[in-house]
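Engineer:
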Amino acid sequence: MNKRKVVMYLLVFILVVVICLGFVKFFGFESNKNNDSSSEINEELVLKLYSYLIDVNASKVTSMYNGNYASYNSLSYDSILIMVYEYIKTYDEFELEITTIDELLNNNIINNQNGITPLYKIKITEFEKVFKIIFGKNEKLNLIDFTYNINTFFKLDANKMYYYVYTNNESKDNNEVVFKEMLRYAVTDNNQTVKIYDYYLKCDINSLNCYNDDKLSKLNNKIKYNSSINIDSYKNSLITYEHTFIYEDGNFHWKSSQVI
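Take a look at the structure:
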């Protein structure tokens, strides 16, 4: 009788151990599955996300640095396209194809070659791919001709297969300078959200006025520009922006920016 009890206890013990091991294995797998982005969040990734935030210092575009709150619908089309181009230039440089003056002329990108320097052409499919990486699959990409900076232009061909990129040396000089630097970052929501904090200041080198936004509408009356300005001396006079990235479909997408 005692032997039968011992055997029964051993069987119960083994059954309990098997159930516990299965429980740990199952829930351990689910935890890793739900947090598959956690191992990817490091300083390298954060710096890559920060590179999405453009420091427009030439075109009067509306970027995330508007002095208030910005979401996708707040951005101008050219600002969005500049963000996509910056990503391609930095991380997909092999997608920049060679072009020529003759190709620009034949595709009616330019009317004459005076002062024109062809740079490259980029497939629209590449813009569409990168757009989804930065903004996600739920937003719509609007293709337009746009100015990257004072002297660099992007124009679509008639079939919208390529962006042709060229410079025009006859364009005017840039009279603006941007100061921008990441201060810190935070990871929240079980590693599904990254928040990046930075300062932003744009100065007009003619008037010497400096502004807290890209449209030069929010004057920073504590800072005046000069050619030897040390921006670190004005840290207490700079406003801070908070930029939010949300993890979806295998990537962190920019969702919003705001002054805090």
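Quick note: the sequence shown uses the numbering used here, first residue -10, plus one each step.
We put the beta carbon where it would ideally sit given N, CA and C, even for glycine.
Quick check: what's the CA-CA separation for Glu115 versus Leu93?
Structural biologist: Between Glu115 and Leu93, the C-alpha separation is close to 20 Å.
Engineer: Check this for me: beta carbons of Ile123 and Met171, under 7 Å apart or not?
Structural biologist: Against a cut-off of 7 Å, the Cβ pair of Met171 and Ile123 comes out as no contact.
Engineer: Tyr214 by DSSP, collapsed to three states: which one?
Structural biologist: Note: Tyr214 maps to coil in three-state DSSP.
Engineer: In chain order, what residues of the same chain lie with their CB nearer than 7 Å to the CB of Ser52, ignoring the 5 residues before and after it?
Structural biologist: For Ser52, where only same-chain residues beyond five positions count, the Cβ hits under 7 Å are Ile43, Val45, Leu64, Ser68 and Asp203.
Engineer: Do Phe143 and Val154 have their C-beta atoms closer together than 7 Å?
Structural biologist: Cβ atoms of Phe143 and Val154: closer than 7 Å.
Engineer: Please state if the CB of Asn164 and the CB of Asn127 are separated by a distance shorter than 7 Å.
Structural biologist: No, they are not a contact pair.
Engineer: Check whether the region 174 to 186 touches the region 219 to 228, taking contact to mean three or more Cβ pairs, one atom from each stretch, closer than 8 Å.
Structural biologist: The region 174 to 186 vs the region 219 to 228: no contact.
Engineer: Shortest alpha-carbon distance to Asn201 belongs to which of Glu33, Gly56 and Thr106?
Structural biologist: Ranking the options by Cα distance to Asn201, first place goes to Gly56.
Engineer: Going by DSSP, what residues sit across from Asp193 in a beta bridge?
Structural biologist: Asp193 is bridged to Glu165.
Engineer: Does the distance from the C-beta atom of Ile111 to that of Gln102 stay below 7 Å?
Structural biologist: Their beta carbons are not under 7 Å apart, which means Ile111 does not touch Gln102 by this criterion.
Engineer: Taking C-alpha atoms, which residue in Gly239, Phe234 and Thr156 lies nearest to Ser245?
Structural biologist: Closest by alpha carbon: Phe234.
Engineer: Under three-state DSSP, which class holds Lys204?
Structural biologist: Three-state result, Lys204: coil.
Engineer: Using CA atoms only, rank isn't needed, just tell me which of Asn158, Val35, Glu82 and Asp187 is closest to Val119.
Structural biologist: Nearest C-alpha to Val119: Glu82.
Engineer: Assuming Asn209 contacts Cys199 (C-beta within less than 8 Å), just tell me the rounded distance between them.
Structural biologist: Yes, they are in contact, since the Cβ atoms of Asn209 and Cys199 sit about 5 Å apart, within 8 Å.
Engineer: If you drop the 5 nearest sequence neighbours on each side, which residues of the same chain put their C-beta closer than 8 Å to that of Asn148?
Structural biologist: Excluding residues within five positions, none has a Cβ falling inside 8 Å.
Engineer: Alpha carbon to alpha carbon, what distance is there between Asn179 and Tyr156?
Structural biologist: The question names Tyr, but residue 156 in the sequence shown is Thr. One C-alpha to the other measures close to 45 Å.
Engineer: Got a sec, what are the start and stop residues for the beta strand (DSSP E) Thr229 sits in?
Structural biologist: Start and end: Thr229 to Glu237.
Engineer: With a CB to CB cut of under 8 Å and the five nearest residues on each side skipped, what residues in its chain are close to Ile77?
Structural biologist: Excluding sequence neighbours, Ile77 sits near Glu84, Leu85, Ile111, Glu115, Phe116 and Val119.
Engineer: On the criterion of 16 or more Cβ atoms from any shown chain inside 10 Å, does Asp187 qualify as buried, or is it exposed?
Structural biologist: Its Cβ being crowded by 16 or more others within 10 Å, Asp187 is buried.
Engineer: Measuring CA to CA, which of Trp243, Asn140 and Asn158 is closest to Ile185?
Structural biologist: The candidate whose alpha carbon is nearest that of Ile185 is Trp243.
Engineer: For Leu38, tell me which candidate among Tyr80, Ala59, Lys129 and Tyr58 has the shortest Cα-Cα distance.
Structural biologist: Among Tyr80, Ala59, Lys129 and Tyr58, the Cα nearest to that of Leu38 is on Tyr80.
Engineer: Mapping the DSSP letters down to three states, classify Met53 as helix, strand or coil.
Structural biologist: Reduced to three states, the DSSP call for Met53 is coil.
Engineer: Please work out which residues of its chain come closer than 7 Å, Cβ to Cβ, to Asp134, disregarding the five sequence neighbours upstream and downstream, and give them in chain order.
Structural biologist: Here the set comprises Phe143, Lys144 and Leu145.
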